[in-house]
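In full-length UniProt numbering, the protein residues as written are 1 to 225.
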C-alpha cells in the first residue's frame, strides 16, 4: 500500500534546493601539470580513491550476475554497467572536473572524431567516454572499448585498433583547441577484453608519432577466486 502523504522534511529539502540553486561557474583547470611520473594527489586522497575502487570490487564479487550459472551467457551491456562503469566512477571520484563531467555508456558519437572527419561525416562511437566541458567546448578525456566476459581474439584485436583511433581523434581535438605543450596532456584509453583490462595513456610529443604507453594490464576481477 502506498503512503498517502510525503514527510514534510522531504518537501522542505526540495524547496531548499530550488530556492538556493545557483549555476556553477565555468570550469578552470589547474595549469602547470605535467606527465612526469609523479602523483598529483596527496597520499590521503589516493588512499580514499583506492578504498572506493575496492568497495566497487566487493560489490562485483557479491553480484549474482557473475556466478558460474550466468557468466557464459552474460551480455556486454550488463558487464559494462556493473563492472567497467562502476570501477570508472570510483577511479574518477573527486576529479577536478566536478559536476561538469559525465560518463556516457550508450555509444554516443564522438565530437572529436566527427570534427576530424569533416564534411558532416559520422564520428566513431566508443562504448564509453568520459566527457567534460570548458569554455563552451566539449572535451573527451577517456575512451573505452569493451567485450563480453567471453571474448574472442579477433574481437580483442579489433577493439585495440578502434581504441587507438579514438584516442588519436581525442588528442587531435584537444591540440586543435588548446595546443598543450609537450607532456602536458594525455588521453586515456581503456580496453576490456574478457577478464583482461588494458590501460593506455596517449601523450602528445613534439614530433610524430604520438607516444602511447601501456600503464596497466590486469584482470577486471569479476570473481574473488
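Note that CB positions come from ideal geometry on N, CA and C, so glycine has one too.
Nearest-angstrom Cα separation, counted from residue j out to residue i
i, j, result
"residue 161", "residue 137", "27 Å"
"residue 48", "residue 133", "26 Å"
"residue 139", "residue 176", "11 Å"
"residue 215", "residue 40", "Legend: pLDDT at residue 215 = 49, less than 50; position of this residue unreliable, value from coordinates given subsequently. Near 16 Å, if we compare the C-alpha coordinates of residue 40 and residue 215."
"residue 217", "residue 198", "Its pLDDT being 48, under 50, residue 217 is placed unreliably in this model, and the value from its coordinates should be taken loosely. Those two C-alpha atoms are separated by around 5 Å."
"residue 179", "residue 68", "49 Å"
"residue 11", "residue 147", "44 Å"
"residue 101", "residue 64", "31 Å"
"residue 186", "residue 200", "10 Å"
"residue 202", "residue 189", "8 Å"
"residue 106", "residue 38", "34 Å"
"residue 15", "residue 93", "28 Å"
"residue 183", "residue 170", "15 Å"
"residue 52", "residue 95", "13 Å"
"residue 82", "residue 145", "15 Å"
"residue 142", "residue 167", "8 Å"
"residue 73", "residue 4", "43 Å"
"residue 66", "residue 181", "44 Å"
"residue 90", "residue 50", "8 Å"
"residue 58", "residue 18", "36 Å"
Start-to-end residues for the beta strand (DSSP E) that takes in residue i
i, result
"residue 97", "Where residue 97 is concerned, there is no enclosing beta strand (DSSP E), given that its DSSP letter is neither H nor E."
"residue 114", "No beta strand (DSSP E) holds residue 114; the alpha helix (DSSP H) holding it covers 111-117."
"residue 189", "186-193"
"residue 65", "No beta strand (DSSP E) contains residue 65, which DSSP labels as neither H nor E."
"residue 133", "128-134"
"residue 196", "196-203"
"residue 138", "137-146"
Endpoints, the alpha helix (DSSP H) within which residue i is located
i, result
"residue 168", "153-178"
"residue 85", "85-91"
"residue 226", "Look at the range of the chain in this structure, 1 to 225, and you will see that residue 226 is not part of it."
"residue 48", "43-62"
"residue 78", "76-79"
Short Cβ contact (7 Å threshold) for residue i with residue j
i, j, result
"residue 194", "residue 128", "no"
"residue 109", "residue 123", "yes"
"residue 84", "residue 174", "no"
"residue 56", "residue 86", "yes"
"residue 237", "residue 70", "This structure leaves residue 237 out entirely; the chain is present only between 1 and 225."
Any non-hydrogen atom of the ligand SAM within 6 Å of residue i CB
i, result
"residue 65", "Inclusion of the ligand SAM in the displayed structure is not the case, the ligand content being empty and no account of it being possible."
- Item | Touch test, the region 114-122 against the region 148-165, Cβ-Cβ under 8 Å, three pairs minimum | no
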